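> Residue numbers (the numbering used here): 271 to 653.
For glycine and all other residues, C-beta sits at the position ideal for the given N, C-alpha and C.
Computed from a predicted structure; not experimentally measured.
One structure, as structure tokens, below. Some questions next.
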Ligand SMILES: [Mg+2]
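Laid out in structure tokens, this is it:
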């Protein structure tokens, strides 16, 4: 079998772009992949344009060997743009291999270790009475892990960390009082705090309030997380932007994070995700995969989650309290389904996702840019 074409489809689904890629072969078998570098689709398409030059004519069954070539070719290795492109291609190659062999992708990863994939939901309301109501609704519907957003999450111009901390902390304490001891609770601070601010927030949590804090600070300096680790007992959930095993290396080996937020559409596809998962297993760290975009990412994450022993929850953005439209069934007529608070592991060959390509080709690409947030003094701060 030979690769004959690689097509890129950057499309607006719900309110965000998804970059889908389709890998075609001379035997009529094709595979779909998705890139995770949301907001920089043109850059990833540019990388795929380069890769297409040497992938046409190659054997799609050799994902492992091709991964090495994609990552290490042209001397300058890796980086987030290239890894997002590699991820989409690698997922597409696994879809092809599953279809060619007539087996679901999890069979290519060692087989199923669990029958259903527990998910966590996000209560999208900022801290306040509505957030508590949403969390109660999720708990009543059987969700055992709920993630909150901080005050200021939905701001489009200004984010002031100390104001957010002050407004958010008491509502986390309230949420634990209302929801009881069994449900797992977390919050995603989206890289918006400094070490001192993150410590101040966590220190306002009585021990046991939160089961995890996600991305409290930026990730370029692992030793900054080491410093934060000394200042709080709240477990860390990090890694959604990591683009290789080498970025996970210091976090895993120094035991800096307690939940691994690997994104299969950013880290390098199945080929790289399985290595990171195995390494995490050796450190008793469970995966809690990032899954913020489309059904191809969801399906790939479900196959990964089905095949590893060290798994906690998969992110779900389509819950009783949050419907973002990223799983549009007109575009994706066949996709992984959610039953209650868990995903069903699909048994059809490949990923188990079908895309209405004709419809996709009729859709427009919209440049999108997340809000550029500023502090009250005018300086830039992370979205
Ligand atoms: Mg996050």
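Using a 10 Å radius around the Cβ and a threshold of 16 neighbouring Cβ atoms, would you call residue 517 buried or exposed?
Result: buried.
> As an exercise, report each continuous alpha helix (DSSP H) stretch of at least 4 residues that is fully enclosed by the stretch 476-501, in chain order.
Qualifying alpha helix (DSSP H) stretches, in chain order: 492-499.
> Kindly examine ligand 1 and report whether one of its heavy atoms sits closer than 8 Å to the Cβ of residue 458.
At least one heavy atom of ligand 1 is nearer than 8 Å to the Cβ of residue 458, so yes.
> Helix or strand or just coil, what does DSSP make of residue 600?
Three-state DSSP puts residue 600 in coil, outside helix and strand.
> Looking only at its own chain, which residues have a Cβ that is under 6 Å from the Cβ of residue 348, when we skip the five neighbours before and after it?
Excluding positions up to five away in sequence, the list reads 341 and 514.
> Would you give the residue range spanned by the alpha helix (DSSP H) that residue 619 belongs to?
No alpha helix (DSSP H) holds residue 619; DSSP gives it neither H nor E.
> Quick check on the DSSP output: the beta strand (DSSP E) that includes residue 417 runs from which residue to which?
Looking at the DSSP string, the run of the beta strand (DSSP E) that includes residue 417 is 415-418.
> Taking the alpha carbon of residue 539 as the reference point, which residue from 287, 318, 382 and 364 has its own alpha carbon closest?
Comparing Cα positions, the closest option is 364.
> Roughly how many angstroms lie between the CA atoms of residue 472 and residue 324, to the nearest whole one?
Near 49 Å, if we compare the C-alpha coordinates of residue 324 and residue 472.
> Restricting to Cα atoms, I'd like to know which of 312, 305 and 537 is closest to residue 638.
Of the listed residues, the one whose Cα sits closest to residue 638 is 312.
> Specify, as a first and last residue, the run of the beta strand (DSSP E) that residue 345 falls within.
First-last for residue 345: undefined, no H or E at that position.
> May I have a chain-ordered list of the beta strand (DSSP E) segments no shorter than 3 residues that lie completely inside the stretch 327-386?
Runs found: none.
> Could you please give me the residues that DSSP links to residue 651 through a beta bridge?
BP columns for residue 651 point to 643.
> Just list the beta strand (DSSP E) runs in the stretch 391-432, keeping only unbroken ones of 3 residues or longer that don't cross its boundaries, in chain order.
For the stretch 391-432, whole beta strand (DSSP E) runs of length 3 or above, ordered along the chain, are 415-418.
> Measuring straight from C-alpha to C-alpha, what distance separates residue 401 and residue 408?
Looking at the two C-alpha atoms, the distance is approximately 11 Å.
> CB residue 369 to CB residue 627, shorter than 9 Å?
No, the Cβ-Cβ distance between residue 369 and residue 627 is not below 9 Å.
> I need the straight-line Cα distance from residue 617 to residue 645, nearest angstrom please.
Rounded to whole angstroms, residue 617 to residue 645 spans 49 Å at the Cα level.
> Is residue 425 near residue 643, with beta carbons less than 9 Å apart?
For residue 425 and residue 643, yes; Cβs fall inside 9 Å.
> Helix, strand or coil: how does DSSP classify residue 462 here?
Coil at residue 462, not helix or strand.
> Here's the rule: buried if 16 or more other CB atoms are within 10 angstroms of the residue's CB, otherwise exposed. What is residue 593?
Exposed, by the Cβ-count rule.
> Starting from the Cα of residue 277, find the closest Cα among 429, 300 and 581 and give me that residue.
Looking at the Cα atoms, 300 is the closest of the given residues.
> Please identify the residue among 317, 414, 461 and 336 whose C-alpha is closest to the C-alpha of residue 452.
Minimum Cα distance to residue 452 is reached at 414.
> Please go through the same chain and pick out, in chain order, the residues whose beta-carbon is closer than 6 Å to the beta-carbon of residue 467, but skip the five residues on each side of it.
The answer, listed in chain order, is 431.
> Pull the bridge partners of residue 286 from the DSSP assignment, please.
According to DSSP, which records beta bridges pairwise, residue 286 is partnered with 283.
> Give a yes or no on contact between the stretch 573-582 and the stretch 381-398, applying the rule of three or more CB pairs nearer than 8 Å.
Verdict: yes, contact present.
> Would you kindly work out how many angstroms separate the C-alpha atoms of residue 319 and residue 332, rounded to a whole number?
Answer to the nearest angstrom: the Cα atoms are 20 Å apart.
> Would you say the beta carbon of residue 510 is closer than 8 Å to some non-hydrogen atom of ligand 1?
Because some heavy atom of ligand 1 lies under 8 Å away, the Cβ of residue 510 counts as near it: yes.
> Could you please give the first and the last residue of the uninterrupted alpha helix (DSSP H) stretch that includes residue 311?
Note, residue 311: alpha helix (DSSP H), 311-325.
> Specify the secondary structure class of residue 577 as computed by DSSP and reduced to three states.
The answer is helix: DSSP assigns residue 577 an H, G or I state.
> Taking the C-alpha atoms as reference points, what is the distance between residue 433 and residue 624?
So the two alpha carbons sit approximately 45 Å from each other.
> For residue 522, write down the residues that DSSP places opposite it in a beta bridge.
Residue 522 is not bridged to any residue.
> Quick check on DSSP: helix, strand or coil for residue 637?
If DSSP states are grouped into helix, strand and coil, residue 637 belongs with coil.
> Bridge partners of residue 506, per DSSP?
In the DSSP output, where bridge partners are listed per residue, residue 506 has 483.
> Residue 526 and residue 495 look like a contact to me (Cβ under 8 Å); what is the Cβ gap, rounded to whole Å?
Confirmed, Cβ separation roughly 5 Å.
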